[in-house]
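Read through the structure below, which is laid out as structure tokens, and then see the notes.
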Amino acid sequence: LGSTPQEIIATAFTHPSRLAHILFQGQKFKFLVGIFGPVLGLTAFSRFAAILVLPTLGILLLSNYPLQYAFTSHYSAPLIALVIGTSILGLAHLRPSFQPPVAAAVLASSLAFSVLYGDLPFSHHFHPRQFQPEARYAAFAGNLNRIPPDASVAAENNLTPHLSHRRFIYNLEYEGPQKADYLALDDAALGRSEAALQQQIVTFEALGYRTIATGDGLALMQRP
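Just add 1377 to wherever you are in the sequence shown, counting from 1, and you've got this note's numbering.
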């Protein structure tokens, strides 16, 4: 739609079909149901307070980056707080006689969505293994101590928690090597493909890096 707010607004008026193509997608409809379904759409009854939801909701729905309208990422976190707040106001604006049954329906709906789509222990999508550290990381973590305190590091997602205290750290998956002094590689970002990891190592070797430590699907590389 554009690279600036002005361009996006202009495109929305001059090429509405582009706007419709971006907004009317199946995954985005599921996203809306998942956000407003647990509270039964009470935001719509919050009157002018509903306006508070629109900027954040618009940013998420106008994006072409799938994680911004997915429940597996953090991008929707600010929206959830706004939806809950406006839903409380929406409930307060209902007739007093309607409030108890609607509140009970919201509780039932929230529990149903939690069971079907949530990540609580009783949810269908709950996987205990996601909360258990993999032994391969524990075995490899000591190698990360070889990185000098003032060195820059580019690391894959699952290794960044071991390096988050550092001043210079880059997300290798999204930012690339950034000419970092060290690279911490993890084949989890490559679908646990050993061949893909070896190809990645070869690519970085061509940039001047050398492997100084390896583990189960893991590697630490240094730039001389």
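Ideal placement from N, C-alpha and C gives every residue a C-beta, glycine not left out.
Here the structure is a predicted model, which means the values were calculated and not measured.
inquiry  = DSSP three-state label for Ile1587, please.
reply    = Checking the displayed sequence, the identity of residue 1587 turns out to be Arg instead of Ile. Of the three classes helix, strand and coil, the one that applies to Arg1587 here is strand, per DSSP.
ask   = Okay, do the segment 1467-1482 and the segment 1498-1514 touch, 3+ Cβ pairs below 8 Å being the bar?
value = Verdict: no, contact absent.
request  = Could you tell me how far apart the beta carbons of Ala1512 and Leu1536 are, in whole angstroms, since I believe they sit closer than 8 Å?
outcome  = Wrong, their Cβ atoms sit about 15 Å apart, outside the cutoff.
key: Closest by C-alpha distance to Gln1402, when choosing among Ile1465, Leu1439 and Asp1593   = That would be Leu1439, whose Cα lies nearest to the Cα of Gln1402.
key: Pair within 8 Å by beta-carbon distance, Val1460 and Ile1386   = No, these two residues do not count as a Cβ contact at 8 Å.
key: Any non-hydrogen atom of the ligand ADP closer than 7 Å to Asn1520 Cβ   = The ligand content of the structure shown is nil, which means the ligand ADP is not present either.
query = Are Leu1566 and Glu1552 close, meaning C-beta to C-beta below 8 Å?
reply = The sequence as given places Ala at residue 1566; Leu does not occur at that position. Not a contact, by the Cβ cut-off of 8 Å.
query = Of the choices Gln1577, Phe1408, Ala1572 and Ala1518, whose alpha-carbon is the least far from that of Gly1447?
reply = A quick correction: the sequence has Ala, not Gly, at residue 1447. Closest option to Ala1447, Cα to Cα, is Phe1408.
task = Have a look at the DSSP bridge pairing and note the partners of Gln1599.
result = Answer is Tyr1559 and Arg1587, bridged to Gln1599.
task = Compare the C-alpha of Ser1453 against each of Leu1466, Gly1435, Tyr1547 and Arg1600 and name the closest.
result = From the listed residues Leu1466, Gly1435, Tyr1547 and Arg1600, the smallest Cα separation to Ser1453 is found for Gly1435.
ask   = Expressed to the nearest angstrom, what Euclidean distance is found between the alpha-carbon atoms of Leu1616 and Gln1509?
value = Missing from the structure shown is residue 1616; the chain here goes from 1378 to 1601 and no further.
request  = May I have a chain-ordered list of the alpha helix (DSSP H) segments no shorter than 4 residues that lie completely inside the segment 1480-1539?
outcome  = Complete alpha helix (DSSP H) runs here, min 4: 1512-1521.
ask   = In this structure, does DSSP put Gly1594 in helix, strand or coil?
value = Reduced to three states, the DSSP call for Gly1594 is coil.
message = Checking the sheet assignment: what are the DSSP bridge partners for Ile1578?
response = The partner list for Ile1578 (beta bridge, DSSP) is empty, contrary to what the question assumes.
query = Are Asp1563 and Glu1571 close, meaning C-beta to C-beta below 8 Å?
reply = It is not a contact, given that the beta carbons lie outside the stated cut-off.
query = Got a sec, what are the start and stop residues for the alpha helix (DSSP H) Ile1461 sits in?
reply = From DSSP, the alpha helix (DSSP H) with Ile1461 extends over Ala1454 to Ala1469.
task = Give me the Cβ distance between Leu1597 and Asn1522, rounded to the nearest whole Å; I'm assuming they're in contact under 8 Å.
result = So it is not a contact: roughly 10 Å between Cβ atoms.
inquiry  = Rounding to the nearest angstrom, what Cα-Cα distance links Leu1396 and Phe1475 in this structure?
reply    = A direct Cα-Cα distance of roughly 37 Å separates Leu1396 from Phe1475.
key: Nearest residue (CA-CA) to Thr1420, options Phe1390, Leu1437 and Ile1465   = Among Phe1390, Leu1437 and Ile1465, the Cα nearest to that of Thr1420 is on Ile1465.
query = With burial defined as no fewer than 16 other Cβ atoms inside 10 Å of the residue's Cβ, what is the status of Pro1415: buried or exposed?
reply = Around the CB of Pro1415, 16 or more other CB atoms lie within 10 Å, so the residue is classed as buried.
key: Distance, Val1430 Cα to Leu1456 Cα   = Roughly 7 Å between the two C-alpha positions.
ask   = Beta-carbon separation of Phe1517 and Gly1568 under 8 Å?
value = The answer is no: Cβ separation not under 8 Å.
task = Give the range of the beta strand (DSSP E) segment to which Ile1546 is assigned.
result = Segment Ile1546 to Asn1548, the beta strand (DSSP E) holding Ile1546.
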